[in-house]
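Peer 1: Right, I'll just put the structure down here and ask away after.
Protein chains: 2
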Amino acid sequence: MSSSSNKLEEVTIATQPIFTGKVISLQVDTVQLPNGKTSTREIVKHPGAVAVLAIKDGRMLLVDQYRQAMGRTELEIPAGKLEAGEDPLDAAKRELEEETGYRPRSIRRLHSFYTSPGFADEIIHLYVTEDLEEGQYAPDEDEFLHNIEVTLDEAWDLIANGRISDAKTIMAVQAWQLYHLTGKFGYDNE
Amino acid sequence: MSSSSNKLEEVTIATQPIFTGKVISLQVDTVQLPNGKTSTREIVKHPGAVAVLAIKDGRMLLVDQYRQAMGRTELEIPAGKLEAGEDPLDAAKRELEEETGYRPRSIRRLHSFYTSPGFADEIIHLYVTEDLEEGQYAPDEDEFLHNIEVTLDEAWDLIANGRISDAKTIMAVQAWQLYHLTGKFGYDNE
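Residue numbers (UniProt numbering), protein chains in the order written: chain A, 1 to 190; chain B, 1 to 190.
Below you can see the structure in the form of structure tokens.
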């Protein structure tokens, strides 16, 4: 393995704001490429998000919700945007309890990842907990959810039939299976 | 497991185009919520993309490239946008050869996933191949890449230190480890 990053960098020459919305904003950056030419990069700015692989009595907690970008409902692990200045760990506990009614007694971060590095700066911080107690179900006012709990085999079937079809949830199912097989979630090398 | 999707659907009332760029476009949809109220959804439209877990002599092929959204370079599996009307399978073969110089003699789809269903319709079609021959290295004119090959253990180290930090690449590493452990990539139940 060898890796050198010289002569790959782009230099930002200008930033044109296009749109500022409730969730995202959009800007077009003009950049100088390594060969000296210029190009543009369309960049979506996002506050970041958290997601939680929550396992209760051998079943993972999933949330069914409508996704306008898909034009249909989808089953996902509990997740939500970071509020301004919010610590990701606090956000993970908050979103899990709001969306499922379960409060984690302990929880830890697996890792953080970019969802679409080609056009967006969104980072999702992925957490895992197997230690839950009853809490307060309190979805946001414009959030309409159904909660279900599935086994690992059922989760794979839901991936196969497309009811689970987003990156963070598939990644969580893979991590859960790696945990079954190795006793580790894969990326926690502690 | 039970799942019912009634009373979760949102109905699109209006669509306001905001921006049309080289890669993405942006629109704001006004929707009627299940409770009869209205809200808005900011939606990024994307042509879709392909990505390839390519394994050669026990090492996965990675591409180091600058990501303006991150402000740094990152190691990712070979990937790229679908061209207009292009079949994802053809795109996967094309992108792999252009970015690595290796042509797949055989290749198959693992699954397809949404990267950010909360605000974008981008779908990535993820392929896998272990059967490569020499082809023609030909990155796009504004693409500046370094190619490296890593073992599974090295890939996990790169996740741990953040040099691999995007969803599709972490998902590919997990799939590769599941293949080592079970003989299956996880989601191909054939």
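For glycine and all other residues, C-beta sits at the position ideal for the given N, C-alpha and C. Source: prediction; values computed, not measured.
(1) Thinking C-alpha only, which one of A:E99, A:D64, A:Q16, A:L126 is nearest A:R108?
(2) Taking 8 angstroms as the threshold (C-beta atoms), are A:V52 and A:E86 in contact?
(3) Roughly how many angstroms lie between the CA atoms of B:E99 and B:T169, to the nearest whole one?
(4) Please classify A:S4 as buried or exposed, where buried requires at least 16 other C-beta atoms within 10 Å of its C-beta.
(5) In whole angstroms, what separates the C-alpha of A:E42 from that of B:V23?
(6) Among residues of its own chain, excluding the 5 on either side of A:I159, which ones have a beta-carbon nearer than 7 angstroms to its beta-carbon?
(7) Do A:L82 and A:V44 have their C-beta atoms within less than 8 angstroms of each other?
(8) To be precise: take each residue of the stretch 34-66 of chain B, compare its Cβ to all Cβ atoms of chain A, and keep it if any distance is under 9 angstroms. Which residues remain?
(9) What is the DSSP secondary structure of B:M171, reduced to helix, strand or coil?
(10) What in chain B is Cβ-close to A:Q174, meaning under 8 angstroms?
(11) Is it right to say A:I13 is buried, meaning 16 or more other beta carbons lie within 10 angstroms of its own, or is it exposed?
(12) Please specify which runs of the alpha helix (DSSP H), each continuous and at least 4 residues long, are wholly inside the UniProt domain "Nudix hydrolase" (44-172) of chain B, giving them in chain order.
(13) Give the secondary structure of A:L181 by DSSP, where H, G and I count as helix, E and B as strand, and everything else as coil.
(14) Please check if any C-beta of chain A sits within less than 8 angstroms of the C-beta of B:Q68.
(15) Does any residue of chain B have a CB that is nearer than 8 angstroms to the CB of residue 226 of chain A?
(16) Hey, could you find the ends of the beta strand (DSSP E) A:I18 is sitting in?
(17) According to DSSP, what are the bridge partners of B:V28?
(18) Taking all protein chains shown into account, do 16 or more other C-beta atoms lie within 10 angstroms of the C-beta of A:S2, making it buried, or fewer, making it exposed?
(19) Evaluate the contact criterion for the stretch 67-81 of chain B versus the stretch 55-64 of chain A: three or more CB pairs, one atom per stretch, below 8 angstroms.
(20) If you measure from the beta carbon of A:H111 to each beta carbon in chain B, is any gap under 8 angstroms?
(21) If you draw a straight line from the alpha carbon of A:P139 to that of B:L181, how long is it in whole angstroms?
(22) Consider the Cβ of B:D166: report whether some Cβ of chain A lies at a distance smaller than 8 angstroms.
(23) Decide if A:Y137 is buried, meaning its Cβ has at least 16 other Cβ atoms within 10 Å, or exposed.
(24) Buried or exposed: A:R67, going by 16 or more other Cβ atoms within 10 Å of its Cβ?
(25) Would you kindly work out how many angstroms separate the C-alpha atoms of A:W176 and A:T73, rounded to a whole number?
(26) Is the beta carbon of B:L8 sitting closer than 8 angstroms to the one on B:P34?
(27) Compile a chain-ordered list of the residues in the stretch 3-25 of chain B whose CB is closer than 8 angstroms to at least one CB of chain A.
(28) I want to see whether chain A comes within less than 8 angstroms of B:H99, judged by CB atoms only; does it?
(29) Below 8 angstroms between beta carbons: does that hold for A:G135 and A:Y179?
(30) Given A:E130, which residues of its chain have a CB within under 6 angstroms of its CB, disregarding the five upstream and five downstream residues?
(31) Taking only beta-carbon positions, decide if B:E190 is within less than 8 angstroms of chain A.
(32) Just the Cα atoms here: how many angstroms apart are A:V63 and A:T38?
(33) Would you report the Cα separation of B:H146 and B:E97, rounded to the nearest angstrom?
(34) Determine, using beta carbons only, whether A:L152 comes closer than 8 angstroms to chain B.
(35) In whole angstroms, give me the CA-to-CA distance for B:E133 and B:P104.
Peer 2: Reading from the atomic positions:
(1) A:L126
(2) When the beta-carbon positions are compared, A:E86 and A:V52 stay at least 8 angstroms from each other.
(3) Straight-line Cα distance between these residues: approximately 15 angstroms.
(4) The predicted model places A:S4 with a pLDDT of 47, which falls under 50 and marks its position as unreliable; any figure quoted below should be read in that light. Exposed, by the Cβ-count rule.
(5) Each residue's Cα considered, the two are about 7 angstroms apart.
(6) I170, V173
(7) no
(8) Correct list: P34, N35, K37, S39, T40, R41, E42, I43, V44, K45, H46, A49, R59, L62, D64, Q65, Y66.
(9) helix
(10) M171, Q174, A175, L178, G186
(11) exposed
(12) Qualifying alpha helix (DSSP H) stretches, in chain order: 88-100, 152-160.
(13) helix
(14) Contact with chain A is found for B:Q68, since one of that chain's Cβ atoms lies less than 8 angstroms from the residue's Cβ.
(15) Not covered by the structure: residue 226 of chain A. The range shown for chain A is 1 to 190.
(16) 11-20
(17) B:V28 is bridged to B:Q16, B:E42.
(18) The predicted model places A:S2 with a pLDDT of 45, which falls under 50 and marks its position as unreliable, so this point remains unresolved.
(19) no
(20) yes
(21) Looking at the two C-alpha atoms, the distance is approximately 39 angstroms.
(22) yes
(23) Exposed, since its Cβ has fewer than 16 Cβ neighbours within 10 Å.
(24) buried
(25) Going by C-alpha positions, A:W176 is about 23 angstroms away from A:T73.
(26) yes
(27) Cβ contacts with chain A: S3, S4, S5, K7, L8, E9, E10, T12, I18, F19, G21, K22, V23, I24.
(28) In the sequence under discussion, the amino acid at residue 99 of chain B is Glu, which differs from the His named in the question. Not an interface residue.
(29) With contacts defined by Cβ atoms closer than 8 angstroms, A:G135 and A:Y179 do not form a contacting pair.
(30) Around A:E130: I55.
(31) Confidence at B:E190 is low in this model, with a pLDDT of 42, below 50, so the placement of that residue should be treated as unreliable; the coordinate-derived value is given next. No, its Cβ sits nowhere closer than 8 angstroms to a Cβ of chain A.
(32) 44 angstroms
(33) 14 angstroms
(34) no
(35) 6 angstroms
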